[in-house]
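Asks: Here you go, one structure.
Residue numbers (the working numbering): 274 to 565.
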């Protein structure tokens, strides 16, 4: 028996080693690629970073100055997108996880949500242009851009919120209902507080995606150049992703603005990195303080 099983065990061991070696190689390769990209951006952009670069508007046809209006515009657009998508996404997740029955219609809704999550951002930009900018008459504005970005991140928030709500143990609901609490009160006072860390984490990750999108705001909110800060939701704004695109396609000024390009990219990556780190810290804190 040993002579028969020994080659089989050796083959299984060899396959296991090959599999783990492939996994480690893939992880190491991706780490090297990401480190190379970040290092390249850091080396080329760190020279442009200064207090004036962060706090001043662009000057001299964007060949000098800073990115302060673009930072403010990015903040307004992402916050507006979150205000639009978070209530709708959580409400949809509550319906799908707590009220909807297991039917073909519900399965169809989930398939459509997953399909929307994979739709290219430029499609959302064209939708925002046709519906919010032209049809509803909002024009190129913070409002139109926020609504478009809200539609973009809505499927992600729905999926993350539904998973967070489903992760709450069913015994929590049963105990609350056994005490005579209504279903809505159980959801509002028991389920949602228990699922809050997952809801917040999914929302923050969605904000990170919205902050880095170019195509949706290009059609609906972003302006080429301005030194003024927006005064209402119907004003155009500069935004970091579109500002980087403009600097990278500046024609005869492309070499003059190259340090500013990498500086703006470094600022945007830093913002997104900070957002993602916040989501990771919230997830770690939530796991340590789990009540089940």
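All residues carry an ideal CB built from backbone N, CA and C; glycine is no exception.
Fair warning: this is a prediction, and the values are worked out from it, not measured in the lab.
1) Quick test of your reading: residue 489 and residue 397, contact by CB under 8 angstroms. State the CB separation rounded to the nearest angstrom.
2) Report all residues from its chain with a CB closer than 6 angstroms to the CB of residue 277; omit the five preceding and five following residues, and keep chain order.
3) Closest to residue 507 by CA distance: which of 346, 467 and 466 is it?
4) Is the Cβ of residue 445 closer than 8 angstroms to any Cβ of chain B?
5) Could you compute how far the alpha carbon of residue 311 sits from the alpha carbon of residue 332?
6) If you count every other CB in all the chains shown that lies within 10 Å of the CB of residue 274, and 16 or more means buried, which is it?
7) When you compare each of 437, 394, 393 and 369 to residue 382 by their alpha carbons, which one comes out closest?
8) When you compare only the Cα positions, how much space is there between residue 514 and residue 409?
9) Using the C-alpha atoms, what's the distance from residue 405 back to residue 459?
10) What is the DSSP secondary structure of residue 521, reduced to helix, strand or coil?
11) Report the three-state DSSP secondary structure of residue 510 (helix, strand or coil).
12) First and last residue of the alpha helix (DSSP H) that includes residue 482?
13) Rounded to whole angstroms, what is the Cα-Cα separation between residue 359 and residue 428?
14) Taking all protein chains shown into account, decide if residue 435 is buried (16 or more other Cβ within 10 angstroms of its Cβ) or exposed.
15) How would you label residue 293, buried or exposed, when you count the other beta carbons within 10 angstroms and need 16 or more for buried?
16) Contact between the region 323 to 343 and the region 387 to 401 is defined here as three or more beta-carbon pairs at a separation below 8 angstroms; is this criterion met?
17) Spell out the partners DSSP gives residue 331 in its beta bridges.
18) Do you know whose CA, among 389, 431 and 464, lies nearest residue 447's CA?
19) According to DSSP, is residue 272 part of a helix, a strand, or is it coil?
20) Note down, in chain order, each residue of its chain lying with its Cβ closer than 7 angstroms to the Cβ of residue 407, except the 5 sequence neighbours on either side.
21) Can you check which of these residues, 492, 380 and 473, is closest to residue 420 by C-alpha distance?
22) Starting from residue 432, trace the alpha helix (DSSP H) both ways and give me its first and last residue.
23) For the alpha helix (DSSP H) containing residue 394, list its first residue and its last residue.
24) At what residues does the alpha helix (DSSP H) containing residue 374 begin and finish?
25) So residue 478 and residue 342 are in contact, right, with Cβ under 8 angstroms, and what is the actual spacing, rounded?
Replies: In terms of the structure at hand:
1) The count along the chain shown starts at 1 and reaches residue 489 at position 216. The count along the chain shown starts at 1 and reaches residue 397 at position 124. Their Cβ separation, rounded to whole angstroms, is 5 angstroms, which keeps residue 489 and residue 397 in contact under 8 angstroms.
2) Here the question's residue 277 lines up with position 4 in the chain shown. Model confidence at residue 277 stands at a pLDDT of 47, short of 50, so the residue's coordinates are unreliable; what they give is reported in the following sentence. Spatial neighbours of residue 277 in its own chain (CB-CB distance under 6 angstroms, excluding positions within 5 residues in sequence) are not present.
3) Taking the chain shown and counting its residues from 1, one reaches residue 507 at position 234. Ranking the options by Cα distance to residue 507, first place goes to 346.
4) In the displayed structure, chain B is absent; only one protein chain is listed.
5) As a first step, residue 311 is located in the chain shown; it is residue number 38 there, counting from the start. As a first step, residue 332 is located in the chain shown; it is residue number 59 there, counting from the start. Roughly 27 angstroms separates the two Cα atoms.
6) Locating residue 274 in the chain shown gives position 1, where the first residue counts as 1. With a pLDDT of 44 at residue 274, under the threshold of 50, the modelled position of that residue is not reliable, and the figure given next carries that caveat. Classification for residue 274: exposed.
7) Position 109 of the chain shown, counted from the start, is the residue given in the question as residue 382. Looking at the Cα atoms, 369 is the closest of the given residues.
8) The sequence position of residue 514 within the chain shown is 241, counting from 1. The sequence position of residue 409 within the chain shown is 136, counting from 1. So the two alpha carbons sit approximately 25 angstroms from each other.
9) As a working mapping, residue 459 is identified with position 186 in the chain shown. As a working mapping, residue 405 is identified with position 132 in the chain shown. Near 37 angstroms, if we compare the C-alpha coordinates of residue 405 and residue 459.
10) Against the chain shown, residue 521 aligns to sequence position 248. Helix, per DSSP.
11) Looking up residue 510 in the chain shown gives position 237. Strand.
12) Locating residue 482 in the chain shown gives position 209, where the first residue counts as 1. For residue 482, the enclosing alpha helix (DSSP H) begins and ends at 465 to 484.
13) The residue you call residue 359 lines up with position 86 of the chain shown. The residue you call residue 428 lines up with position 155 of the chain shown. Residue 359 and residue 428 have their alpha carbons spaced roughly 10 angstroms apart.
14) As a first step, residue 435 must be located in the chain shown, where it is residue number 162. Residue 435 should be labelled buried.
15) In the chain shown, residue 293 corresponds to position 20, counting from 1. Around the CB of residue 293, fewer than 16 other CB atoms lie within 10 Å, so the residue is classed as exposed.
16) The answer is no - the region 387 to 401 does not touch the region 323 to 343, with fewer than three Cβ pairs under 8 angstroms.
17) Taking the first residue of the chain shown as position 1, residue 331 is located at position 58. Residue 331 pairs with 338.
18) Within the chain shown, the letter at position 174 stands for residue 447. Nearest of 389, 431 and 464 to residue 447, Cα basis: 464.
19) Residue 272 lies beyond the range of the chain shown here (274 to 565); nothing can be said about it.
20) Against the chain shown, residue 407 aligns to sequence position 134. The answer is none, since no qualifying residue turns up.
21) Residue numbering aside, residue 420 sits at position 147 when the chain shown is read from its first letter. Ranking 492, 380 and 473 by Cα distance to residue 420 puts 492 first.
22) Taking the chain shown and counting its residues from 1, the one referred to as residue 432 is at position 159. Looking at the DSSP string, the run of the alpha helix (DSSP H) that includes residue 432 is 415 to 439.
23) Counting from one through the chain shown, the residue named residue 394 turns up at place 121. Note, residue 394: alpha helix (DSSP H), 394 to 401.
24) Within the chain shown, numbered from 1, the residue matching residue 374 stands at position 101. Careful: residue 374 lies outside any alpha helix (DSSP H) and carries neither H nor E.
25) Translated into the one-based positions of the chain shown, residue 478 becomes position 205. Translated into the one-based positions of the chain shown, residue 342 becomes position 69. About 26 angstroms separates the Cβ atoms of residue 478 and residue 342, ruling out a contact at the 8 angstroms cut-off.
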